[in-house]
Amino acid sequence: MIWNEEVECMADEDKRKLQLKRLQDVVKRAYENVPYYRKRFDETGISPEDIKTLKDIEKIPYTTKTDLRGAYPFGMFAVPRKEIVEVHTSSGTTGKPTVSGYTRGDLEIWSECMARGLTMAGVTDEDVIQNTHGYGLFTGGFGVHYGAQKIGATVIPISTGQSRRQMEIMRDFGTTFLVVTPSYGLYLAEEFMDDGMDLKDLKLKAIGFGAEGWTQEMREKLEEKFNAPAYNIYGLTEVMGPGVGIECAEQDGLHIFEDHFYPEIIDPQTLETLPDGEKGELVITTLTRKGMPLLRFRTKDITTLRRGKCKCGRTLVKMDRVTGRSDDMLKIRGVSIFPSQIEKALFKIDGLEPHYQIIVTRPEQLDELEIQVEASQELFSDEVKELVGITRKIEERVHSEIGLRVNVTLVEPRSLPRSEGKAVRVIDKRDL
Amino acid sequence: MSMIKQLSIFLENKKGRMWKALDVLEKAEINIRALSLADTSDFGILRLVVPEPDRAREVLEENGFLVKVGEVIAVGITDKPGGLNKILKILNKSGINLEYLYAFVEQNKNRAIVVLHPENIDAGLEALKNGNADVLSEEEVYSI
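This is the structure we're talking about:
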């Protein structure tokens, strides 16, 4: 099923025409209504008229999270505050939160994008959606809600937490589509099974997951535990919220809704634009947003863009799974690694539960990487030498994946903190 | 068959974990017949022989412990110099390798008990029986 065939399957040439028209419009609006953009344009010596082709977007300076913080709270709004009908903020875990403002029209676009995405994952007006994303300043809850309402599905706005209640409702209300963060999904599965519930008895048809990093192995665990396919939903508060890109049934990349968002990939070090197919940081320009247009916003998410018609019929560009963040990249003994690489290696070990923590220390001059992994019934053995052998094996797997020696420690089951939101995987104790 | 059940509990090298495991058993009124702790710098394995191994496992698991129930051999020896030596001699003669053993002395009796875990437990048991070792049954061990 395709929600909006006209734009989702648009011919490339038509799409580019539409994008250019919208880009010129958004640049003009940003320049005229947002003091921050006017200042940046004037400083750089460019004007909205300089945007004659899509390629000209490269002349525009980047917008970063720091810029948004500088404009806190409403400095990035391009319309009078009274036209803003809703605000959200980022979690503020990395500093002062950034504010995102929406006009009524922006909310309509958000609903449209999420409706397209949920339709990709198979949701129809027959479905019952259990939305465990938090409702509040976080965009996750509302974004999914708007899309589901647009489709006409039945939404259970349960938010995160109360796993027993989640279970009862899932069973009693006949939930067919579950929305979770991957770590919360796995946590719920564990809780449900502890309570003796057979997850195969659920009516679950599919799962939508997002809001944190994940690996293919994590997706497979989620799918295996709930016995349903799981589709990734991508988005970020600054740009809109969930629904910037969503996976189709192919489960091979997320389609970005290019009529509303213009994606680019840049090298986070040199800041140069990279060609399609190369891995780098995703940069997004909102093409239609009225309340808070963003030009070339640096998402910090590392991914690749791929073009070409998808087997699902859509012509929308696809981004790969986000493999890391340009700011959570760890520099260990000078080597750049992403926590996701470690996770990938860990999940290749049979019997290993998806609960781990990476601890970085610098006891003397050299960085040390310790990975704590929960022992499981499958991994545990009565023999010391076998247990030591297992930790060695894990150490070797991680070593071959990231090229660095690490220390693996087995810890007791359930001893690592479980998250009900974004999982804390890395603890950096270095005094850098 | 005369093997006895042994519980192996995974312990993180962290303050209070062993106490917590034993506390769980105390609350469940499970008396420990024999105990040994194998440890490395990162973790330990607490090995226990208890009268009700399955119930002990259940209560431990309910309290979040990682437990395995395995089999070991218990042998009675005379509590005087050379007692254990006899047993090791039998095993050595039959080419049986030991993974580990631990021993304890019985109260009010001139007997000590050795808990053995040979690499090949069936072969070990056979060798001990053929060597006329005093292999104890589960009932004998639990009633100590």
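Chains as they are written, first to last, in this note's numbering: chain A, 249 to 680; chain B, 1247 to 1390. All C-beta atoms in this analysis are idealised placements derived from N, C-alpha and C, irrespective of residue type, glycine included.
| query | result |
| --- | --- |
| Continuous alpha helix (DSSP H) stretch holding Tyr-464 of chain A: start and end | Correcting the residue identity first, residue 464 of chain A is Gln in this sequence and not Tyr. Start and end: 464-474. |
| Three-state secondary structure assigned by DSSP to Leu-519 of chain A | coil |
| Positions along the stretch 598-609 of chain A whose CB lies within less than 8 Å of some CB in chain B | none |
| Under 8 Å between C-beta atoms of Leu-452 of chain A and Leu-426 of chain A | yes |
| Euclidean distance between Cα positions of Met-282 of chain A and Ile-332 of chain A | What sits at residue 282 of chain A in the sequence shown is Val, not Met. In a straight line, the C-alpha of Val-282 of chain A is about 14 Å away from that of Ile-332 of chain A. |
| Identity of the residues DSSP links to Met-567 of chain A by a beta bridge | A:Leu-502, A:Leu-553 |
| Per-residue DSSP class, three states only, for Ile-597 of chain A | coil |
| Below-8 Å beta-carbon distance, Val-659 of chain A vs any chain B residue | yes |
| 8 Å contact criterion, which Asp-375 of chain A and Thr-402 of chain A should meet: CB distance rounded | 7 Å |
| Outcome for Asp-507 of chain A when other beta-carbon atoms lying within 10 angstroms are tallied against a minimum of 16 | buried |
| Of the listed residues B:Ile-1319, B:Asp-1269, B:Lys-1260, B:Lys-1251, nearest to Leu-1371 of chain B (C-alpha basis) | B:Ile-1319 |
| CB contact check: Ala-1302 of chain B to chain A, cutoff 8 Å | no |
| Val-427 of chain A - containing beta strand (DSSP E), residue span | 425-428 |
| Whether Ser-407 of chain A touches Tyr-383 of chain A by CB criterion (8 Å) | yes |
| Partners in chain A for Lys-1314 of chain B, counting only beta-carbon separations shorter than 9 Å | Gln-625, Phe-628, Ser-629, Asp-630 |
| Beta-carbon separation (whole angstroms), Glu-618 of chain A vs Thr-657 of chain A, contact threshold 8 Å | 6 Å |
| Under 8 Å between C-beta atoms of Leu-564 of chain A and His-503 of chain A | yes |
| Within chain B, partners of Val-636 of chain A - CB distance below 7 Å | Thr-1286 |
| Closest residue to His-381 of chain A among A:Glu-360, A:Ile-399, A:Thr-429, A:Phe-509 (Cα-Cα distance) | A:Thr-429 |
| Asn-655 of chain A in three-state terms, based on DSSP | strand |
| Alpha helix (DSSP H) runs contained entirely in the stretch 570-635 of chain A, provided each spans 4 or more residues | 587-594 |
| Integer-rounded CB distance, given that Pro-490 of chain A should sit under 8 Å from Gly-370 of chain A | So it is not a contact: roughly 17 Å between Cβ atoms. |
| Residues near Ala-1358 of chain B by beta carbon distance below 8 Å, same chain, minus five either side | Gly-1322, Ile-1323, Thr-1324, Asp-1325, Gly-1329, Leu-1330, Ala-1349, Phe-1350, Val-1351, Glu-1352 |
| First through last residue of the beta strand (DSSP E) which encompasses Gly-1290 of chain B | 1289-1295 |
| 6 Å Cβ shell around Pro-321 of chain A - same chain, five flanking residues per side excluded | Val-347 |
| Range covered by the beta strand (DSSP E) that runs through Arg-666 of chain A | No beta strand (DSSP E) holds Arg-666 of chain A; DSSP gives it neither H nor E. |
| Local conformation of Arg-1279 of chain B per DSSP, three classes | coil |
| Cβ neighbour criterion (16 or more within 10 Å) applied to Ile-675 of chain A | exposed |
| Contacts that Ile-1390 of chain B makes with chain A (C-beta to C-beta distance below 7 Å) | Simply none; closest approach about 22 Å. |
| 9 Å Cβ cut-off: residues of chain A touching Gly-1310 of chain B | Glu-660, Pro-661, Arg-662, Ser-663 |
| Where His-393 of chain A sits in the DSSP three-state scheme | helix |
| Glu-1384 of chain B - DSSP class collapsed to helix/strand/coil | helix |
| Cutoff 7 Å; reference Glu-1365 of chain B; Cβ partners in own chain excluding five residues on either side | Asn-1343, Glu-1345 |
| Closest residue to Val-568 of chain A among A:Arg-555, A:Glu-660, A:Gly-501 (Cα-Cα distance) | According to the sequence provided, residue 568 of chain A is Asp. The question's Val does not apply to it. That would be A:Gly-501, whose Cα lies nearest to the Cα of Asp-568 of chain A. |
| Contacts that Ser-1254 of chain B makes with chain A (C-beta to C-beta distance below 7 Å) | Asp-630 |
| C-alpha distance - Lys-641 of chain A paired with Leu-664 of chain A, whole-angstrom precision | 21 Å |
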